[in-house]
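For what it's worth, UniProt numbering labels the leading residue of the sequence shown as 1, then goes sequentially.
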Amino acid sequence: MAAIVALESGFATSRRAVEDNNLTGYEVYSDDSDGHLFSSQYESVVQTARHLSKNYLSKSGPYYLGVAVDDVQINYCPDEGKGKNWDGKVDKLASGFLKTYKNLYLK
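Okay, structure coming up:
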């Protein structure tokens with residue numbers, strides 16, 4: 001989730017993150033989409049986590065293809081097949097966050 005938040009919100013600096021509390025690009029399908037307005041950034045993250053868990057990461061979910069980032073990307077960000085590399089960027093950010101965590105807390 002941290003990697004999705006970082007990527008989708010530009011590390012919480014995007015207009016949608018600042019004005020709409022939308023850290024995850026929830027219901028944003030293009031630059032012209034209204035997206036979802038949240039009452040808090042916390043609500044944005046929790047709603048997206050629930051949505052991913054129920055619909056993409058659960059075997060009974062309508063968009064389930066597996067639990068890997070590239071499995072989720074196929075239905076979650078279908079336009080990313082056009083070379084934008086959403087799954088690769090999420091993987092890279094997540095790996096960086098885990099490395100930082102290990103360096104700070106597991107030494």
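Using N, Cα and C, we set each Cβ at its ideal position, and we do this for glycine too.
Since this is a predicted model, take the numbers as computed values, not measurements.
Query: Selected residue, minimal CA-CA separation from N21, among N103, Y42, Y101 and L65; Result: Y42
Query: Backbone CA spacing between V5 and G83 [nearest angstrom]; Result: 20 Å
Query: Under the three-state DSSP convention, the category V46 falls into; Result: helix
Query: Beta-carbon spacing of L23, S53 below 9 Å; Result: no
Query: Length of the line joining the Cα atoms of L57 and A2; Result: 16 Å
Query: A94 versus V69, P78 and L37, residue with shortest Cα-Cα distance; Result: V69
Query: Endpoints, the alpha helix (DSSP H) within which G96 is located; Result: W86 to Y105
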